[in-house]
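In what follows, a structure is listed as structure tokens, so that the remarks can point back to it.
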Amino acid sequence: MAELDLTFFKGKKVFLTGHTGFKGSWMSRILVNAGAILTGYSMNPPTEPSLFKMADVENKMTSVIGDIRDFDALYEAFKKAEPEIVIHMAAQPIVRDSYKDPRYTYDTNVMGTVNILECVRLTDTVKSFLNVTTDKVYKNNEWEWGYRENEPLDGFDPYSNSKSCSELVTHSYKSSFFASRDIAISTARAGNVIGGGDFANDRIIPDSVRAIEEGREIIVRNPYSTRPYQHVLEPVMAYLMIVKEQYINRDLASWFNVGPDDCDCVNTGDLVTMFCNSWGNGLTWINKSEADAPHEANFLKLDSSKLKTTFGWKPTWHINTTIDKITEWTRVYLEGGDIPKIMDKQINDFLHCR
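With the working numbering applied, the sequence shown corresponds to residues 331 to 684, in that order.
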């Protein structure tokens, strides 16, 4: 498989949008440790507590607080950074929030993509660009088999649909502006990401951690929905693999699913049961399904054969290991322990499993 040698990033100029978010914080820690010259562009951390603040990376990179919708501010930061590699992760990522404020969701997820691609178009330093979207970009027919990259893009809710649009924007820019330039352009469609340090609202693992803090049972609103759950390091390392390999060989650039194996596609109730068993101490959950809840897919699975075939990639941690890693991280957090140390430990554990 493609070698996960992070020394490739030493001295490379990398521009990362969404660096203060959950995945962005893990990505920033990895790139800073690898010796990248990292510039992040994002709004203030979206949660309190904030993994970005805990990760001890802000003083080891250039962190620009700005709105992806503000093209002038984005372009100014981009020109100063002169990046060779661009990873676009800034987004409004919550399905339920997209129902509450669809205009903001589309503005951020669609025009934000236009803005970062405009920055790439107007400069001549970039060699490798990756737009991170979601498994929810596909028209979901509730099939029992995984979606492939050539399936129709037509997300249902405003979040999912806005990321479908983000994909199409990327396809258009690639065809219209970058076909004759030495720039590799890809997108990555990841499944549901879980891991230590996620404090977002309306996500099952953060909700479970909050239940532990408050000494109550975990409430599960949709225990029968099946999702392709994966540890946050799975897609983050896959993103780095893609931008590295297409930097070296532009012909590898394409659209890629990044999902777990079939055995790791579980329903929410089973996921929470595994978390309760891993945590111990009699932790339990209760089913509080909502009859009037906004629409979310009941069954969604990815086929990641293309990523496997192109790069020799395969998932590293199955779901039971993933849950144990979340438990390990959460215990350190709740005990007031060393967060950068546990992040580095889990990053090294992941790399040495391969």
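C-beta: ideal position from N, C-alpha, C; glycine also.
**Request:** Below 8 Å CB to CB, which residues in the same chain sit around residue 365 once its five sequence neighbours on both sides are set aside?
**Result:** 337, 339, 340 and 341
**Prompt:** Can you tell me whether DSSP reads residue 631 as helix, strand or coil?
**Reply:** coil
**Prompt:** Of all the options 648, 564 and 611, which has the alpha carbon lying nearest to the alpha carbon of residue 637?
**Reply:** 564
**Extent of the continuous beta strand (DSSP E) run through residue 519** = 514–520
**Asked** I think residue 603 touches residue 552, with their Cβ atoms under 8 Å apart; what is that distance to the nearest whole Å?
**Response** Not really, about 14 Å apart at Cβ, beyond 8 Å.
**Rounded straight-line distance, which links the Cα of residue 367 to that of residue 540** = 35 Å
**Request:** Specify whether the stretch 521–541 and the stretch 485–504 touch according to this definition: at least 3 beta carbon pairs, one from each stretch, less than 8 Å apart.
**Result:** no
**Prompt:** Distance, Cα to Cα, residue 452 vs residue 613?
**Reply:** 54 Å
**Cβ neighbour criterion (16 or more within 10 Å) applied to residue 639** = exposed
**Asked** Distance, Cα to Cα, residue 353 vs residue 518?
**Response** 13 Å
**Message:** Suppose contacts are defined by Cβ-Cβ distances below 7 Å. Is residue 435 in contact with residue 379 by that definition?
**Reply:** no
**Asked** Shortest alpha-carbon distance to residue 596 belongs to which of 406, 577 and 554?
**Response** 554
**Option nearest residue 465 by Cα separation, candidates 633, 397 and 370** = 633
**Message:** Please classify residue 356 as buried or exposed, where buried requires at least 16 other C-beta atoms within 10 Å of its C-beta.
**Reply:** buried
**Prompt:** For residue 543, is the classification buried or exposed, using 16 other Cβ atoms within 10 angstroms of its Cβ as the cut-off for buried?
**Reply:** exposed
**Message:** Please list the terminal residues of the continuous beta strand (DSSP E) segment that includes residue 459.
**Reply:** 458–462
**Message:** I'd like to know if residue 491 contacts chain B, where contact means its C-beta is closer than 7 Å to some C-beta of that chain.
**Reply:** The question asks about chain B, but that chain is absent: this structure has only one protein chain.
**C-beta atoms of residue 493 and residue 462 nearer than 7 Å** = no
**Request:** May I have the straight-line CA-CA distance separating residue 475 from residue 334, to the nearest angstrom?
**Result:** 29 Å
**Asked** Thinking C-alpha only, which one of 481, 573, 371 and 579 is nearest residue 442?
**Response** 371
**Item:** Every unbroken beta strand (DSSP E) inside the stretch 345–428 [3 residues or more]
**Value:** 367–372, 392–395 and 415–418
**Message:** Tell me which residue opens and which closes the beta strand (DSSP E) that residue 585 is part of.
**Reply:** 585–588
**Message:** Using C-beta distances below 7 Å, list every residue in its chain close to residue 507, excluding the 5 sequence neighbours before and after it, in chain order.
**Reply:** 451
**Message:** Going by DSSP, what residue range makes up the beta strand (DSSP E) through residue 556?
**Reply:** 556–558
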